[in-house]
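Written below as structure tokens is the structure these notes are about.
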Amino acid sequence: MSLSATDYLLWVTGVILLMLTCWALHRRRFVHEFPVFFGYAGYHILRSAVLFGVQFQHLRHRMTYNHYFYTYWMVEAVSIGLGFCVINEIYRRVFDSYDAIRQIGSVLFAGGAILLLLAAVLVASFAAPGADPGAVKAVLLLETSVRVVQCGLLVFLFALSFFFGLPWQNRLFGIALGFGVYASIDLAATALYSKIGVSAAPAYSQVQSIAYSCGVLIWTFYLFAPEPAPEPADLMFQVNLQEWNQAILDVWKR
Amino acid sequence: MTTTILLIGFAVVVLLLLMRTALRRKPVPDLGALDAYIQPVDLRAFRNLIDPAEEDYLREQLPPGKFRVIQRKRLRATLEYVRCVAGNAAILLRVGEAARRDPNQQVASAARALANNALRLRVNAMLAMATLYGRLVLPGARISVGQLTDAYENLTQGLVRLARLQNPAFASRVAAVI
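Residue numbers (the working numbering), protein chains in the order written: chain A, 2 to 255; chain B, 1053 to 1230.
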């Protein structure tokens, strides 16, 4: 397995952007606010270093392709787990600020994840057999299922935010957006690759790297972007609010 | 092949949805220009529309077919009012959310109360919209949502009790707001 100069360039770009993301989290004191996301970004830098080392050893014929394959999927499994933890952290951060709905963030995340997992298993069971051997096919099905669940969870979160009318902090929105962009492009690429087979492997790998870099670029951008300045709230609006609420309750009481 | 197309279609829809959300994010309204964001709601006209006595009068005076037509028009107008209230609640929620990071504790706590009340109103308005859509399908039916109202009242009383235990001064403000 040899990588082209473009592959290396995309790989290094992703790592540099991840380092920028970690630096932004540290510099703007967001680490305590997003500890799981910081861990996820840090883990991905470490993951790249490990995979680069294994790849280097493979090129020097000190390791076989199987070593790289199993190392990749072991670190990827941890990455998938951490990815779900980050989405759970986003759910909690969105709902935690409001007393009325504080408890439901984790419940909605768990409920949504279970439903989407069932849907993903259903989709995977209907997937047509591709040209790839068994292990690769299993891995691609797993990747597809994971991305379906991740995309679904993020769409569900945006729909809930719309329903409740919840505002998003810039940084929180950026983390969710970056995840969503990466997961959706990766889902489309994986679905296509599963159909075409090994001949599309180089292009698939590059699309994955570009999607990941786009996601990390979005994180970096939103983490550096300033939050809107707070405006003093005026209690006079609460008078109207009370009247409106009573009028709405009257609709129910009819 | 169908599964592949479905998956790619789903991914494209998710991507477009995310892009649309990112491009159409609304800024936090400046309080000075809040009038430009808030849609006025004529509460008197709204209350008249949802007055049960008014509905009973129309039901008695009009033939059933005519009543259903008129009632649908009234329900549509009510829906428009509720939609405005839901939109206004979302705007006030953003104002409250932005101000809760204010270093002045009083402002921050007032903002927190504003945000929570706005959220409660938003949820009520969305549920009221669902009820109204149900009544649009069956304009002659009386859909009872009394249990939900009771649950809402229990919730607000519980909040006042909790606030009274934690901070009596804040409790009176909560009681005044809800």
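Built from N, CA and C at the ideal position, the CB exists for glycine as well. Given the structure is predicted, the values throughout are model-derived calculations rather than measurements.
Chain A within 8 angstroms of residue i, Cβ atoms only
i	result
asparagine 1100 of chain B	no
phenylalanine 1062 of chain B	yes
valine 1066 of chain B	yes
threonine 1056 of chain B	yes
arginine 1120 of chain B	no
arginine 1291 of chain B	Outside the shown range of chain B, which is 1053 to 1230, sits residue 1291 of chain B, and nothing can be said about it.
arginine 1174 of chain B	yes
alanine 1203 of chain B	Only weak support is given to the placement of alanine 1203 of chain B: the predicted model assigns it a pLDDT of 36, under 50, and the question is left unresolved by the model.
leucine 1171 of chain B	yes
glutamate 1106 of chain B	no
glutamate 1132 of chain B	no
glutamate 1112 of chain B	no
Candidates the options, of which the one nearest residue i by Cα
i	options	result
tyrosine 1010 of chain B	B/Gly1139, B/Asp1154, B/Ile1143, B/Val1134	No information on residue 1010 of chain B is available, as it lies outside the stretch 1053 to 1230 that chain B covers here.
serine 162 of chain A	A/Ile102, A/Gly40, A/Ala212	A/Ile102
glycine 216 of chain A	A/Phe225, A/Ile176, A/Tyr99, A/Gly198	A/Ile176
alanine 114 of chain A	A/Leu21, A/Val95, A/Cys86, A/Val13	A/Cys86
valine 13 of chain A	A/Arg48, A/Pro36, A/Ser98, A/His27	A/Arg48
isoleucine 1143 of chain B	B/Pro1092, B/Gly1061, B/Arg1120, B/Ile1102	B/Pro1092
leucine 224 of chain A	A/Val32, A/Ala6, A/Leu11	A/Val32
isoleucine 1057 of chain B	A/Ile197, A/Leu26, A/Pro227, A/Ala212	A/Ile197
tyrosine 344 of chain A	A/Ser5, A/Thr72, A/Ser80	As shown, chain A starts at 2 and ends at 255. That puts residue 344 of chain A outside it, with no answer to give.
threonine 221 of chain A	A/Phe39, A/Ser195, A/Leu10	A/Phe39
phenylalanine 1062 of chain B	A/Leu193, A/Leu10, A/Phe96	A/Leu193
alanine 1138 of chain B	B/Ala1180, B/Leu1110, B/Thr1054	B/Ala1180
alanine 1129 of chain B	B/Ile1060, B/Val1066, B/Leu1067, B/Leu1188	B/Leu1188
valine 1065 of chain B	A/Gly153, A/Leu218, A/Ser107, A/Ala204	A/Gly153
valine 122 of chain A	A/Tyr73, A/Cys23, A/Leu52, A/Val147	A/Val147
isoleucine 1090 of chain B	B/Leu1059, B/Val1147, B/Thr1073	B/Val1147
Neighbouring residues, chain B, relative to residue i (Cβ below 7 angstroms)
i	result
lysine 138 of chain A	Going along chain B, no residue has its Cβ under 7 angstroms from lysine 138 of chain A, so there is no contact; the nearest lies around 13 angstroms.
7 angstroms Cβ cut-off: residues of chain A touching residue i
i	result
alanine 1142 of chain B	Gly166
Beta carbon proximity, residue i to chain B, threshold 8 angstroms
i	result
cysteine 215 of chain A	no
glycine 43 of chain A	no
leucine 193 of chain A	yes
phenylalanine 159 of chain A	yes
isoleucine 17 of chain A	no
alanine 234 of chain A	Reliability fails at alanine 234 of chain A, whose pLDDT of 44 lies under 50, so the model's placement of it is uncertain and no value is given.
glycine 181 of chain A	yes
alanine 120 of chain A	no
leucine 273 of chain A	As displayed, chain A neither begins before 2 nor continues past 255, which places residue 273 of chain A out of reach and without an answer.
isoleucine 186 of chain A	yes
alanine 226 of chain A	no
alanine 189 of chain A	yes
proline 231 of chain A	Since pLDDT at proline 231 of chain A reaches only 46, below the 50 mark, its modelled position is unreliable, and the value read off the structure follows with that caveat. Taking Cβ atoms only, chain B reaches closer than 8 angstroms to proline 231 of chain A, which makes this a yes.
isoleucine 91 of chain A	no
isoleucine 102 of chain A	yes
tryptophan 12 of chain A	no
Interface residues of chain B facing residue i [CB-CB closer than 8 angstroms]
i	result
threonine 145 of chain A	Leu1059
cysteine 152 of chain A	Phe1062, Ala1063, Val1066
serine 210 of chain A	Simply none; closest approach about 17 angstroms.
leucine 178 of chain A	Leu1070, Thr1073, Ala1074
valine 124 of chain A	Thr1055, Leu1058, Leu1059
valine 266 of chain A	With chain A represented from 2 up to 255, any question about residue 266 of chain A goes unanswered, as that position is not in the structure.
Segment limits, alpha helix (DSSP H) that includes residue i
i	result
glutamate 1132 of chain B	1116–1151
threonine 191 of chain A	171–197
isoleucine 1090 of chain B	Segment: none, isoleucine 1090 of chain B is in no alpha helix (DSSP H) and carries neither H nor E.
phenylalanine 70 of chain A	66–97
isoleucine 211 of chain A	202–225
histidine 45 of chain A	36–60
isoleucine 1057 of chain B	1054–1075
arginine 1111 of chain B	1104–1113
asparagine 1169 of chain B	1157–1189
arginine 1099 of chain B	1095–1101
Contact list for residue i against chain A, beta-carbon separation under 8 angstroms
i	result
leucine 1075 of chain B	Here the premise fails: no neighbours, minimum Cβ distance about 11 angstroms.
alanine 1167 of chain B	Ser98, Tyr99
Chain-ordered chain B contacts of residue i [CB-CB under 9 angstroms]
i	result
glycine 113 of chain A	Per Cβ cutoff of 9 angstroms: no residues; glycine 113 of chain A is ~14 angstroms from chain B at best.
isoleucine 88 of chain A	The premise fails here: isoleucine 88 of chain A is roughly 14 angstroms from chain B at the closest Cβ pair, so nothing lies under 9 angstroms.
Interface partners of residue i on chain A, CB under 9 angstroms
i	result
leucine 1145 of chain B	Tyr99, Phe165, Gly166, Leu167, Pro168
Cβ of residue i within 8 angstroms of any chain D Cβ
i	result
glutamate 90 of chain A	Included in the structure are the protein chains A and B, with no chain D among them.
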